[in-house]
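Notes for the one structure printed next.
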Amino acid sequence: MAEATDGGGPREKRVDAVIAAYLEAAEAGALPDEAEWLARHADVADELTVFFADRRRLADFAADLPPALAEAPTVAPGTAAESSPITVRCIGDYELLEEIARGGMGVVFKARQVSLNRIVALKMILTGQFASAAEVQRFRTEAEAAANLDHPNIVPIYEVGEHEGQQYFSMKLVEGGSLAAEVPKLVGEPRRAAQLLAAAARAVHHAHQRGVIHRDLKPANILLDRDGQPQITDFGLAKRAADVGQTHSGAIVGTPSYMAPEQASGRKGAVTTLADVYGLGAILYELLTGRPPFTGATPLDVMMQVLEKEPEPPTKVNPKADGDLEAICLKCLQKDPSRRYPTAAALAEELEHWLAGEPLTARPPSTAQLILRWLRKNIRAAAWVLLIGVLCGVVGPLGMGLVVLQSFDSGFSIAHAVSPESQWEIPWLTSFHWSLVPVWVVALLFFGGPLLFLASGWLLQRTVRPRDRGADVLTGMATGAVAGLTAYALVIGPLYLVNTAVLKAQAELGDLQEAAHIAVLSEAGKPSDNSVAEAQALKIEWMEKDLDSRHPGLQKLSDPYNQVPEEFSSNRERVQVFRIYGGFVRKEQRVVDCLRVNYQIHLMDEMVAGVWWSAFSTILGAMTACIVSSAVAGFFVRREHRNLSGRGLKRWLAAMLPYVELLLFSMPFFLLPLADMMLMPAGLSPSVYGFGVVGSPPLALIYFLLLVPLAMALVGVLRQWSGLTRWTVYLLLLPHILALVWLFVLVRRWWRAARQRRTNPATQG
Amino acid sequence: MDREADPREPLFGRFRNYLCFLARLHLDPRLRGKLEPSDVVQHTLLEAHAGRDQFRGGGEAEWLAWVRRMLARNLADALKAFTRQRRDLARERPLQEAVQASSARLEAWLADGAPGPPEEVERRERAVRLADALEELPEAQREALLLHHWHGWPLARIAEHMGRGPEAVAGLLKRGLKRLRERLDEEG
């Protein structure tokens, strides 16, 4: 670009020099005549003309843009000189000596009160802060109320006045500087900090008793006199300033870092003396840690934190900070005013207790309290999580449940055919013919359930609206846990309990049917050789399988067959005995007795296995639901946050990345049961069909480990440890690494077995 | 987005340059490069967008006045944050002065010590056009113009600040003015 290189040809240089000379002459004060300059520099007259015209044109336009203000501050408009503040000025009876401080409301000068010849501090309020005469009046009333405070730790106000429309007041000059400057030193002196704050709290209490609320307590407003005693200043003034600021711009003016939440929320009438207790707590926080409770890039940031976030515990910011002072500080900083110290005096007493080494009333909240408070605050979110969780837990596995129930039907019909008087411990299960449920209903539920799980993320996003990733993970996990527990308690648990028992009963009933068949054949006098042969074959089979030793009843039978036992240890034994008995002895009555037996399926016998299975399916279901719903909810949450950089696909990827990462971690989690199941037919998995997880203790251990990150996520989110929440997600890796190792072991075992079969075909028979 | 729902939406884009100009005007030139006015403007517009429900004014002028106040506040905060970050500021006296001067100026601006945006539509249009044209100038020309015409710095001081000779600054002014006029003419 041309302007990058200064000047151009020699002619241009000449033009620039002339213009520079012209401008300098203009600055010197003698407004030069344009015509004269044109005449004097005729050689560049054309360029000069253009320049003058352009200047006029801009001047026309520039009238519409505001001028920059004078360089010096506006406290004394008109008298300001460039970049040097007021030199000698008088405000009423006061002669300004030097500027001491500058704040949001005005400027503080060291001044001499001429009539009394004393040195005072003079604070001038910027006129523009007030919109009307009525507000000026209110300011004066307030300042006068503060002027009535008489306490050794409150800076006395001498006079409130007005000079040329500017409000001012004079007060005692405190020369030791403010607490703000002492903070770095006091961080290492907790006893001194506590003493200072106790004295300040007593002074604040004095003001409260006289109806004056400070509203802007911060280290800068606590001055230190020569003896190092605190002197509180700006009493009752901040109140007006904040109110006025609000009416002006609809926002809150003040010092958000030290502002109580009820004050930051701007609700009128909500600010009480307890806001000052908060302010004192905020000062204590800074004395413990060296920084205010909340900091942020903009006041809006800080204000949002004040309203929403719990302050980081001081001991976390400064590990050397005292734990008891931390408890006192955090009690002052409670969001709910009623949970703070009831009065500033109570705070002073507590600090004095601490100084004396006496027990305190404040203690940090326990985790249980945290959970309770969180629940109170998020009762709506918790209700939604519960609702969606229960819905998913009931509807999700219902389809699968129906399929299982339908498979029972065959078992039930056999039972009914063989033994009409069969009794079941859960009669309602058998009284309904599940096969009658239309296929489309089953299919809808079967596929709709998982879809509902997927949609739960979306539902959560619409209802709970998690604000950040931590909340989003917690919401997903909590919903998953509720869904898993519901599914266990209402659907999966009972179903598997019954299923386990029914599968066994079906086997027994099959035996019974077979025995009946043999018995009927024998009774009919049909080829008895056949039945004898069948029974003999059975007998051989039993002997091969060494069944006799396992069933004492059979052992008795393998002897002379006339010794039929009268009592049996189990239904199965009874059935097996009658199979043989029917074949060999043909005692009809006995067979009929057998068939008429009041067959009882012992569900309770299978309780243990059922409970195991259900517990594992709960964990599986809960974790799956957690991962899926948090991933889906997370996607919506991230998409809603429009401050992600990039656009289109890039932004979409940025939104999805943490969840893709999460899903990648959880892949083995899904693959593991699948692999287990696939290996089962090959007889390689140590598991029995349907009990894969129970059958493999290492797998069980792995799944239990998954509960650890769940608990950690809960604690992390509640205590707002973002690091912990993040690590929790990474911790999910651990079980998966273990699972992969286990998978590897299984595959290797399968590979060895296959090789052994190949090299040694004899064992194949 | 539904235009009916928020008629002020297009204002954000239209007044961006104008607000940038205001921000430049009120930050001391010595802070240039330390604090980026356009960032603060961007932040302010976002804030104005987020808080648009709070704005209960009527017309454009009120909206602009509202945003302007927010901008002044944000600039003041940015200055404070800057001071906090630079604990060594005390050693850099000119910078410290610049910060003080800027905050005093902003204070006055916030306190309505300076005129706000023009009330009449026509003049406001002209102001916005000028701000747009200024934003389009090359950096050095805009800086020179701003310092000379709005801050009223003497030529020698501008030259020192920009690290160029007075003639070079005069050249910048000349070319800047020319370009500005061309821009305004072609639009008008």
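Quick mapping for you: the protein sequence lines, in order, are chains B and P. 0 is the number of the first residue of the first sequence in numbering that gives the first Met the number 0; add one for each residue after it. 0 is the number of the first residue of the second sequence in numbering that gives the first Met the number 0; add one for each residue after it. Heads up, the beta-carbon is just placed ideally off N, CA and C, and yes, glycines get one too.
Query                                                                                                                                                                                                : Result
Tell me whether Gln53 (chain P) sits in a helix, a strand or coil according to DSSP, three-state version.                                                                                            : coil
For the alpha helix (DSSP H) containing Gly278 (chain B), list its first residue and its last residue.                                                                                               : Thr272 to Thr288
Would a check of beta-carbon distances place Asp15 (chain B) closer than 7 Å to chain P?                                                                                                             : yes
Give the secondary structure of Ala320 (chain B) by DSSP, where H, G and I count as helix, E and B as strand, and everything else as coil.                                                           : coil
So is Asp335 (chain B) buried or exposed if we call it buried at 16+ other beta carbons inside 10 Å?                                                                                                 : exposed
What does Tyr93 (chain B) pair with, by DSSP beta-bridge criteria?                                                                                                                                   : B:Ile90 and B:Gln112
Answer yes if the stretch 195 to 203 of chain B comes into contact with the stretch 154 to 161 of chain B, meaning at least three C-beta pairs across the two stretches below 8 Å, and no otherwise. : no
With a threshold of 7 Å between beta-carbons, can Arg67 (chain P) be considered close to chain B, or not?                                                                                            : no
Taking 7 Å as the threshold (beta carbon to beta carbon), is Leu154 (chain P) in contact with chain D?                                                                                               : Judged by its chain identifiers, the structure shown contains no chain D, and its protein chains are B and P.
For Arg464 (chain B), does the three-state DSSP call read helix, strand or coil?                                                                                                                     : coil
Within the continuous beta strand (DSSP E) that includes Pro229 (chain B), where are the two ends?                                                                                                   : Pro229 to Ile231
Going by DSSP, name the residue or residues bridged to Phe168 (chain B).                                                                                                                             : B:Lys122 and B:Val159
With 9 Å as the limit, tell me which residues of the stretch 26 to 45 of chain P have their beta carbon closer than that to any beta carbon of chain B; keep them in chain order.                    : Asp27, His42 and Leu45
Quick check: is the beta carbon of Ala198 (chain B) nearer than 7 Å to any beta carbon in chain P?                                                                                                   : no
Here's the rule I'm using: 16 or more other beta-carbon atoms within 10 Å means buried, otherwise exposed. How should Gly322 (chain B) be labelled?                                                  : exposed
Hey, would you say the C-beta of His148 (chain P) is under 6 Å away from at least one heavy atom of the ligand FAD?                                                                                  : Although the ligand FAD was asked about, the structure shown includes no ligands whatsoever.
How do the stretch 10 to 22 of chain B and the stretch 30 to 48 of chain B stand: do at least 3 beta-carbon pairs fall below 8 Å, yes or no?                                                         : yes
Tell me the DSSP bridge mates of Glu98 (chain B)?                                                                                                                                                    : B:Phe108
Is it buried or exposed, Glu174 (chain B), if we count other Cβ atoms within 10 angstroms and call 16 or more buried?                                                                                : exposed
Ignore the nearest five residues each way along the sequence and tell me which others in Ala146 (chain B)'s own chain have a CB closer than 7 Å to its CB.                                           : Ile156 and Val159
Identify every residue that forms a DSSP beta bridge with Ser177 (chain B).                                                                                                                          : B:Leu222
Assuming Pro189 (chain B) is part of the alpha helix (DSSP H), what are its boundary residues?                                                                                                       : Pro189 to Gln208
Measuring only between beta-carbons, confirm whether Ala143 (chain P) sits less than 7 Å from chain B.                                                                                               : no
Measuring only the C-alpha atoms, how far is Leu770 (chain B) from Val481 (chain B)?                                                                                                                 : Look at the range of chain B in this structure, 0 to 764, and you will see that residue 770 (chain B) is not part of it.
Would you list the residues sitting across from Ile327 (chain B) in a DSSP beta bridge?                                                                                                              : None, per the DSSP bridge assignment.
Checking 7 Å against the spacing of the C-beta atoms, do Leu458 (chain B) and Ile387 (chain B) come in under that value?                                                                             : yes
Which residue marks the beginning of the alpha helix (DSSP H) containing Ile157 (chain P), and which one marks its end?                                                                              : Leu154 to Met161
Of all the CB atoms in chain P, is at least one closer than 7 Å to the CB of Thr246 (chain B)?                                                                                                       : Interpretation of Thr246 (chain B) is limited by its pLDDT of 34, a score under 50 that renders its predicted location unreliable; the figure taken from the coordinates is listed afterwards. Chain P contact via Cβ: absent.
So with Cβ pairs under 7 Å, would you call Ala169 (chain P) a contact of chain B?                                                                                                                    : yes
So is Leu70 (chain P) in contact with chain B if we call contact Cβ pairs under 7 Å?                                                                                                                 : no
Counting C-beta neighbours from all protein chains within 10 Å, is the total for Gln208 (chain B) 16 or more, i.e. buried, or is it exposed?                                                         : exposed
Quick one: residues in its chain with C-beta nearer than 6 Å to the C-beta of Leu144 (chain P), no 5 flanking neighbours on either side, listed in chain order?                                      : Gly175
Does the beta carbon of Phe50 (chain B) come closer than 7 Å to any beta carbon on chain P?                                                                                                          : yes
For the alpha helix (DSSP H) holding Arg138 (chain P), just list the boundary residues, first then last.                                                                                             : Here the sequence assigns Glu to residue 138 (chain P), which means Arg is not the residue at that position. Glu138 (chain P) -> alpha helix (DSSP H) spans Glu138 to Leu144.
Please list the terminal residues of the continuous alpha helix (DSSP H) segment that includes Gln262 (chain B).                                                                                     : Pro260 to Ala263
Which bits of chain P does Arg56 (chain B) rub up against, with CB to CB less than 9 Å?                                                                                                              : Leu176, Leu179, Arg180, Leu183 and Asp184
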